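First up is the structure itself, then whatever we jot down about it.
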Amino acid sequence: MSDKQFLITGGAGFLGSWLCDLLIAKNARVYCIDNLSSGRAENIKHLLKNKSFVFKKHDITKNTLNVKPDYIFHLASRPSPDDYLNNAIQTIDVNTEGTRKILELTRKTDAKLLFTSTSEVYGEATVFPTPENYYGNVNPSGPRSCYDESKRLCESLCMAYNRTYGLDLRIVRLFNTYGPRLRGDGNYGRALSRFIWQSINNQRITIWGNGKQTRSFCYITDMINGLMASLLVKRTKGETINLGNPKETRIIDLANMVIKLTDSKSEVKYLPMPDNDPRRRLPKITKARQIIGFTPRVKLNQGLSKTIEWQIDR
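The C-terminal position of the sequence shown is numbered 676 in the numbering used here, with every residue numbered one higher than the one before it.
And the structure:
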């Protein structure tokens, strides 16, 4: 890969920084952009002296980038519910206008593009495991719609560019991913990272609803390998693919696992369930298995131990 350049939008974030690490390890040239609204400079600090790595603080909704990549991972977004609920208009802007600019860059440079969508496009799904051809059950005017619907529009934009200009692109719908570097602070903490932060500080673990809702948790290295294969395997052109762990876990069981692994004295505090918060998330990954050979390998207890160790060492 030494002769190829990869552009990563949102490259200082959780997923993006792991992708940067993997690509640099494979001797690729990496052009990383991030406006650092939710990404962290510390995630890529160790790469700044590498001659094959370039970082630029950049807002993708603004000026056009002066770069000619061979491949593009378009990850830039506000994926944390607390964050996008508090920044609804900015979330819509970065998802739609930002994606439009990246699609134009892809068209002009003839790059190969991977767009990261989300399981949120399925809304309150009624089919489980949820396949890619399920159209979704989304509240178009609910509080989460700023993220859900703008990601759905992004998918529509991608496929319009694919059909109109023949762009070499693919869409991956990401389900819950966790591991080191996933923020647990402030508005950025998702359930798992928040549980870890609360447990190691012996604070009460906050759960929305009764804790019986489920999610599927995929460890970061499995997800990054899936993203790489999704972009590089030729058969993915024009496809939409679910990436996630096909095993679901109840949120209360996750909280209890974290308490046990951290030997915490934390108790659980139940809070009212937010509007339109999905009760289940469970991907059908048959297509990912068949096209890119994707199979998550890291078990939840193993991944949790690694994530907890990282959080404690920070």
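Yeah, the Cβ is synthetic: ideal placement off N, Cα and C, and Gly gets one too.
These figures come from a predicted structure and were not determined experimentally.
(message) Looking only at its chain, what residues have a beta carbon closer than 7 Å to the beta carbon of glycine 372, apart from the 5 residues adjacent to it on each side?
(response) Residue 372 sits at position 10 when you count from the first residue of the sequence shown. Within the same chain, Cβ atoms closer than 7 Å to the Cβ of glycine 372 are found at Gly378, Asp396, Gly401, Leu437, Ala438 and Ser439, the five residues on either side in sequence being excluded.
(request) Identify every residue that forms a DSSP beta bridge with arginine 535. (result) As a first step, residue 535 must be located in the sequence shown, where it is residue number 173. Arginine 535 is bridged to Ser479 and Asn604.
(request) Alpha carbon to alpha carbon, how far is asparagine 389 from tyrosine 550? Give it in angstroms, no decimals. (result) The residue labelled residue 550 in the question sits at position 188 within the sequence shown. The residue labelled residue 389 in the question sits at position 27 within the sequence shown. Low confidence applies to tyrosine 550: its pLDDT is 44, below 50, so where it sits in the model is not reliable, and the reading given next is rough at best. A direct Cα-Cα distance of roughly 31 Å separates tyrosine 550 from asparagine 389.
(message) Count Cβ pairs between the segment 500 to 510 and the segment 638 to 653 that sit closer than 8 Å; are there 3 or more?
(response) Output reads yes: the segment 638 to 653 touches the segment 500 to 510.
(message) Considering just the uninterrupted stretch of the alpha helix (DSSP H) at arginine 641, what are its terminal residues?
(response) The residue you call residue 641 lines up with position 279 of the sequence shown. Element bounds for arginine 641: n/a, residue is neither H nor E.
(request) Report the partner residues of lysine 366 according to the DSSP bridge assignment. (result) Taking the first residue of the sequence shown as 1, we reach residue 366 at position 4. Lysine 366 pairs with nothing; no bridge assigned.
(message) To the nearest angstrom, how far is the alpha carbon of leucine 594 from that of threonine 458?
(response) Numbered from its first residue, the sequence shown carries residue 594 at position 232. Numbered from its first residue, the sequence shown carries residue 458 at position 96. Each residue's Cα considered, the two are about 25 Å apart.
(message) Measuring straight from C-alpha to C-alpha, what distance separates valine 416 and serine 442?
(response) Here residue 416 is taken as the residue at index 54 of the sequence shown, counted from 1. Here residue 442 is taken as the residue at index 80 of the sequence shown, counted from 1. Taking the CA atoms as reference points, valine 416 sits about 26 Å from serine 442.
(request) Answer yes if the segment 613 to 629 comes into contact with the segment 563 to 578, meaning at least three C-beta pairs across the two stretches below 8 Å, and no otherwise. (result) Verdict: yes, contact present.
(request) Please classify glycine 375: is it buried, with 16 or more other beta-carbons within 10 angstroms of its beta-carbon, or exposed? (result) Here residue 375 refers to the residue found at position 13 of the sequence shown. So glycine 375 counts as buried.
(message) Going by the DSSP bridge assignment, what does glycine 375 pair with across the sheet?
(response) Residue mapping note: residue 375 aligns to position 13 of the sequence shown, counting from 1. Per DSSP, none; premise fails for glycine 375.
(message) Taking 6 Å as the limit between beta carbons, can you name the residues of its chain near threonine 453, skipping five residues before and five after?
(response) Counting from one through the sequence shown, the residue named residue 453 turns up at place 91. For threonine 453, where only same-chain residues beyond five positions count, the Cβ hits under 6 Å are Arg440, Tyr446, Cys508 and Tyr509.
(request) Give the straight-line distance between the Cα atoms of proline 634 and isoleucine 670, rounded to the nearest whole angstrom. (result) Locating residue 634 in the sequence shown gives position 272, where the first residue counts as 1. Locating residue 670 in the sequence shown gives position 308, where the first residue counts as 1. Going from the Cα of proline 634 to the Cα of isoleucine 670 covers about 27 Å.
(request) Going by DSSP, name the residue or residues bridged to leucine 633. (result) On the sequence shown, residue 633 is found 271 positions in, with the first residue counted as 1. Beta-bridge pairing links leucine 633 to Trp570.
(request) Locate the beta strand (DSSP E) running through tyrosine 393, then write down its first and last residues. (result) Here residue 393 corresponds to residue number 31 of the sequence shown, with the count starting at 1. Here the beta strand (DSSP E) through tyrosine 393 covers 391 to 396.
(message) Using CA atoms only, rank isn't needed, just tell me which of Ala403, Asp432 and His408 is closest to lysine 418.
(response) As a working note, residue 418 is residue 56 in the sequence shown. Out of Ala403, Asp432 and His408, Ala403 has the C-alpha closest to the C-alpha of lysine 418.
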